[in-house]
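Chains as they are written, first to last, in our numbering: chain A, 2 to 223; chain B, 2 to 223.
Let me begin by presenting the structure, written as structure tokens, before commenting on it.
There are 2 protein chains.
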Amino acid sequence: MSKATEKAYLLIRENILSGAFLPGAHLKEGELVDLCGVSRTPVRDALRQLATDRYVVTRRNQGVFVNEWSVDDIKDIFELRAILESMVAERAAAHITDDQLAELREIQQAIQSMLDQNDILKIEFFLHQNKRFHQILMDATHSRTLADTLGQIVQPPLIAQTARQYTRQELQNSNDHHRDIALALEARDGAWAASVMKTHIIAAQRKFMNSYLTSEKNEAAE
Amino acid sequence: MSKATEKAYLLIRENILSGAFLPGAHLKEGELVDLCGVSRTPVRDALRQLATDRYVVTRRNQGVFVNEWSVDDIKDIFELRAILESMVAERAAAHITDDQLAELREIQQAIQSMLDQNDILKIEFFLHQNKRFHQILMDATHSRTLADTLGQIVQPPLIAQTARQYTRQELQNSNDHHRDIALALEARDGAWAASVMKTHIIAAQRKFMNSYLTSEKNEAAE
DNA sequence: TTCAATATAATTGTATACATTAAAGATAAT
DNA sequence: ATTATCTTTAATGTATACAATTATATTGAA
Chain A
2 MSKATEKAYL
12 LIRENILSGA
22 FLPGAHLKEG
32 ELVDLCGVSR
42 TPVRDALRQL
52 ATDRYVVTRR
62 NQGVFVNEWS
72 VDDIKDIFEL
82 RAILESMVAE
92 RAAAHITDDQ
102 LAELREIQQA
112 IQSMLDQNDI
122 LKIEFFLHQN
132 KRFHQILMDA
142 THSRTLADTL
152 GQIVQPPLIA
162 QTARQYTRQE
172 LQNSNDHHRD
182 IALALEARDG
192 AWAASVMKTH
202 IIAAQRKFMN
212 SYLTSEKNEA
222 AE
Chain B
2 MSKATEKAYL
12 LIRENILSGA
22 FLPGAHLKEG
32 ELVDLCGVSR
42 TPVRDALRQL
52 ATDRYVVTRR
62 NQGVFVNEWS
72 VDDIKDIFEL
82 RAILESMVAE
92 RAAAHITDDQ
102 LAELREIQQA
112 IQSMLDQNDI
122 LKIEFFLHQN
132 KRFHQILMDA
142 THSRTLADTL
152 GQIVQPPLIA
162 QTARQYTRQE
172 LQNSNDHHRD
182 IALALEARDG
192 AWAASVMKTH
202 IIAAQRKFMN
212 SYLTSEKNEA
222 AE
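Structural data, given as structure tokens:
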């Protein structure tokens, strides 16, 4: 992506993630031009990329709308993600380097240190390290197809930000999974790594569905 | 996709599929404008869509190149496709309508009639009906996520056109799988349907890898 | 000859004007 | 009042001109 397009992409995505652009909202090119300070051409390029990443949907001659996710959609995404991330973990076991293993352990320990300190939780830090952890596994997999496919599955805001609502105990569970994954990869045991990863994703799904359904019920009651 | 964009998309894709645009080739916007008879804007839109569908890859400030598939890429794609199409088959068993079941049987029988007549094989007919068969299953699945993901996996030319080199016996095997899938769906047996589908895709992979590796060897020998 | 630096050309990136289509509003008929 | 039709407006789709970047060719020196 080129400079102006990337600027537009990040700005629009940020507004979707923050909730400033609500699901179903009609994103008009003119307004986005004002928001981003670039012309329609890069705005349109950004919108196409956001459609690829499933943040928005395009309707011919009608423009672009923020994607709306149903409960069934979210279930599908988690189910797919569990399968794909397991594949990633399994393959990573075959290809991962010692450097990458060291980095995984380092990330796991950094998060652990945070959890051991009894002050406020640094969710942003956790999200960042968590993303790095999964990225290293992806890199170790050496598969464009898996990387691209998983990237498009995990992108949607609802999924990537699950951990925002985690309790300390849930963060601890998640990090325990990371520890086990690192152990499995160290042992070059693909089946083990895949199995832990599946557990890891299913736990995330459980948590997410609970939070999501609860918040929906609250909204309906208002 | 709008009119001009769609025209460009189909034309460029056709040239990739036919081999007129070889893997690795640099697709210059100017030349595509001449080829398609539309301006750069829809050509660029078409190229973005072709990138999403993995026909091409984009390099910042350098343009668009026809995607090159390694043997490992192709293995990955088939592996992913086996998993995803199995998911589709399993879910279709839960949702498929009687009308859709009837249509599946009809397609299966139409291909069978073709195979029973001992004149030349109508590969185009087979490819079309085969596509319809898999599409009906997708529709019965009721999952945007699965549909979009699988769509992007199956698109690449090398995969979708596997059957072009099938012998009569291989076509018969493929259609036998279709028959079993229809039976499994009729019985609303998701596990059975998924299992047959996996067999179906693995057989396609076998055939493809054999053809592909053989043709590569021949090319190297010339 | 080979390599580096520079100038030139070609290509992609961006902005904008124009065309086409869909949405919104006004008017008229029932 | 309501619906239907027309008019107007605003949005997306398309073409093209200009800017920035990259690739190519040329020149010069080692």
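Glycine is no exception: its CB is placed at the ideal position from the N, C-alpha and C atoms.
Small disclaimer: the values here were computed from a predicted structure and weren't measured.
Determine the DSSP secondary structure at B:G64, reduced to helix, strand or coil. The sequence position of residue 64 of chain B within the second sequence is 63, counting from 1. Assignment of B:G64 by DSSP, reduced to helix, strand and coil, places it in the strand class.
Chain A within 8 Å of B:T53, Cβ atoms only: The sequence position of residue 53 of chain B within the second sequence is 52, counting from 1. Contacts with chain A at 8 Å (Cβ-Cβ) include B:T53.
Of the residues A:M139, A:N211, A:Q118, the one placed nearest A:Q173, counting alpha carbons only: As a working note, residue 173 of chain A is residue 172 in the first sequence. For A:Q173, the closest alpha carbon among the candidates A:M139, A:N211, A:Q118 is that of A:Q118.
A:T168, enclosing alpha helix (DSSP H) - first and last residue: Position 167 of the first sequence, counting from 1, holds the residue named residue 168 of chain A. Annotation for A:T168: no alpha helix (DSSP H) segment contains it, and DSSP assigns it neither H nor E.
Pull out every residue of the stretch 73 to 101 of chain A whose Cβ sits closer than 7 Å to any Cβ of chain B, in chain order. Answer in chain order: D74, D77, I78, L81, I84.
Within the same chain, show all residues whose beta-carbon is closer than 7 Å to that of A:L138, passing over the 5 residues directly before and after it, in chain order. Taking the first sequence and counting its residues from 1, the one referred to as residue 138 of chain A is at position 137. Around A:L138: V89, A90, A93.
I want to see whether chain A comes within less than 8 Å of B:R14, judged by CB atoms only; does it? The residue labelled residue 14 of chain B in the question sits at position 13 within the second sequence. No, B:R14 lies away from the interface with chain A (no Cβ there is under 8 Å from its Cβ).
Kindly indicate which residue of A:F127, A:R180, A:S144, A:A192 has the alpha-carbon position closest to the one of A:R165. Taking the first residue of the first sequence as position 1, residue 165 of chain A is located at position 164. The residue with the shortest Cα to Cα distance from A:R165 is A:F127.
Report yes if the C-beta distance between B:I108 and B:R133 is below 8 Å; otherwise report no. As a position in the second sequence, residue 108 of chain B is number 107, starting the count at 1. As a position in the second sequence, residue 133 of chain B is number 132, starting the count at 1. Taking 8 Å as the Cβ cut-off, B:I108 and B:R133 qualify as a contacting pair.
Could you check whether A:L12 and A:L36 sit closer than 8 Å to each other, using their CB atoms as the reference points? Residue 36 of chain A sits at position 35 when you count from the first residue of the first sequence. Residue 12 of chain A sits at position 11 when you count from the first residue of the first sequence. The criterion of a C-beta distance shorter than 8 Å is satisfied by A:L36 and A:L12.
C-alpha distance - B:T142 paired with A:D74, whole-angstrom precision: Position 141 of the second sequence holds residue 142 of chain B. Position 73 of the first sequence holds residue 74 of chain A. Roughly 12 Å separates the two Cα atoms.
Below 8 Å on C-beta distance, what does B:N62 contact in chain A? Your numbering for residue 62 of chain B matches position 61 in the second sequence. Neighbours of B:N62 in chain A, taken as residues at a C-beta separation under 8 Å, are given in chain order as S3.
Indicate whether A:E86 and A:I202 have their beta-carbon atoms separated by less than 8 Å. Along the first sequence, one-based indexing puts residue 86 of chain A at 85. Along the first sequence, one-based indexing puts residue 202 of chain A at 201. Yes. Within cutoff.
Within 10 angstroms of its Cβ, does B:H129 collect 16 or more other Cβ (buried), or is it exposed? As a working mapping, residue 129 of chain B is identified with position 128 in the second sequence. It is exposed - the Cβ of B:H129 has fewer than 16 other Cβ atoms within 10 Å.
Do you know how far the Cα of A:F66 is from the Cα of B:K4? Counting from one through the second sequence, the residue named residue 4 of chain B turns up at place 3. Counting from one through the first sequence, the residue named residue 66 of chain A turns up at place 65. Roughly 20 Å separates the two Cα atoms.
Beta-carbon of B:L23 versus every beta-carbon of chain A: anything under 8 Å? Mapped onto the second sequence, residue 23 of chain B falls at position 22. Cβ-Cβ to chain A under 8 Å: no for B:L23.
Looking only at its own chain, which residues have a Cβ that is under 8 Å from the Cβ of A:G64, when we skip the five neighbours before and after it? Your numbering for residue 64 of chain A matches position 63 in the first sequence. Within the same chain, A:G64 has close Cβ partners H27, L28, K29, E30.
Shorter than 8 Å from the beta carbon of B:S40 to some beta carbon of chain A? Reading the second sequence from its first residue, position 39 is the one you call residue 40 of chain B. Not an interface residue.
Ordered list of alpha helix (DSSP H) runs contained in the stretch 174 to 220 of chain A, each at least 4 residues: Taken in chain order, the stretch 174 to 220 of chain A contains no complete alpha helix (DSSP H) segment of 4 residues or longer.
On the three-state DSSP scale, how would you describe B:L28? Here residue 28 of chain B is taken as the residue at index 27 of the second sequence, counted from 1. In the structure shown, B:L28 sits in a strand (DSSP, three-state: E or B).
Can you pull the chain A neighbours of B:S144, defined as C-beta to C-beta under 7 Å? Position 143 of the second sequence, counted from the start, is the residue given in the question as residue 144 of chain B. Simply D77.
Alpha carbons only, please: which of B:S212, B:E187, B:I121 is nearest the one belonging to B:I99? Working through the second sequence from its first residue, we reach residue 99 of chain B at position 98. It should be pointed out that residue 99 of chain B corresponds to Asp in this sequence rather than to Ile. Taking only the C-alpha atoms, the option nearest B:D99 is B:E187.
For the alpha helix (DSSP H) that B:K4 lies in, which residues bound it at each end? Residue numbering aside, residue 4 of chain B sits at position 3 when the second sequence is read from its first letter. Per DSSP, B:K4 belongs to the alpha helix (DSSP H) from 4 to 19.
Could you check whether the Cβ of A:R49 sits closer than 8 Å to any Cβ belonging to chain B? Residue numbering aside, residue 49 of chain A sits at position 48 when the first sequence is read from its first letter. At a cut-off of 8 Å between beta-carbon atoms, A:R49 makes contact with chain B.
Going by beta-carbon coordinates alone, are A:I84 and B:I84 separated by less than 8 Å? As a first step, residue 84 of chain A must be located in the first sequence, where it is residue number 83. As a first step, residue 84 of chain B must be located in the second sequence, where it is residue number 83. The Cβ atoms of A:I84 and B:I84 sit closer than 8 Å to each other.
Would a C-beta distance cut-off of 8 Å place B:R61 and A:D46 closer than the cut-off? One-based indexing of the second sequence puts residue 61 of chain B at position 60. One-based indexing of the first sequence puts residue 46 of chain A at position 45. No, the pair does not count as a contact, with Cβ atoms beyond the cut-off.
Using a Cβ-Cβ distance cut-off of 8 Å, determine whether B:I154 contacts chain A. In the second sequence, the residue the question calls residue 154 of chain B occupies position 153. By this cut-off, B:I154 is an interface position.
Could you tell me which uninterrupted alpha helix (DSSP H) segments, each at least 4 residues in length, are contained entirely in the stretch 47 to 127 of chain B, listed from first to last along the chain? Listed in chain order, the complete alpha helix (DSSP H) runs (minimum 4 residues) inside the stretch 47 to 127 of chain B are 72 to 96, 99 to 117.
For A:D35, return the contacting residues in chain B, with the cut-off set at a CB-CB distance below 7 Å. Mapped onto the first sequence, residue 35 of chain A falls at position 34. Near A:D35 there are no residues of chain B at all, since even the closest Cβ is about 21 Å away, more than 7 Å.
Here's a check: name, in chain order, each residue in its chain whose Cβ is nearer than 7 Å to the Cβ of B:T6, leaving out the five neighbours to either side. Within the second sequence, the letter at position 5 stands for residue 6 of chain B. Take B:T6, set aside five residues on each side of it, and the residues of its chain with a beta-carbon closer than 7 Å to its own are P43, D46, A47, in chain order.
Look at the alpha carbon of A:Y10 and the alpha carbon of A:N68, and state the distance between them as a whole number of angstroms. Along the first sequence, read from residue 1 onward, the residue named residue 10 of chain A stands at position 9. Along the first sequence, read from residue 1 onward, the residue named residue 68 of chain A stands at position 67. Annotation: A:Y10 to A:N68 spans about 15 Å, alpha carbon to alpha carbon.
Under 8 Å by Cβ, that's how I've got B:A185 and B:A194 pegged, so tell me the actual separation to the nearest angstrom. One-based indexing of the second sequence puts residue 185 of chain B at position 184. One-based indexing of the second sequence puts residue 194 of chain B at position 193. 4 Å between Cβ atoms; contact.
Closest Cβ-Cβ distance between A:T150 and chain B: below 8 Å? Taking the first residue of the first sequence as position 1, residue 150 of chain A is located at position 149. By the rule that beta-carbons nearer than 8 Å mark a contact, A:T150 touches chain B.
Which residues in the same chain have their Cβ closer than 8 Å to the Cβ of A:T150, if we skip the five residues on either side of it in sequence? Counting from 1 along the first sequence, the entry for residue 150 of chain A is found at position 149. Leaving aside the five residues that flank A:T150 on each side, the residues in its chain whose CB is nearer than 8 Å to its CB run, in chain order, L85.
Flag A:L11 as yes if its beta-carbon sits less than 8 Å from any beta-carbon of chain B, otherwise no. Stepping through the first sequence from its first residue, residue 11 of chain A is reached at position 10. No, because no Cβ of chain B sits closer than 8 Å to the Cβ of A:L11.
Beta-carbon contacts of A:K224 that lie in its chain and below 7 Å, excluding the five residues immediately before and after: Since the first residue shown for chain A is 2 and the last is 223, residue 224 of chain A is missing from the structure and cannot be characterised.
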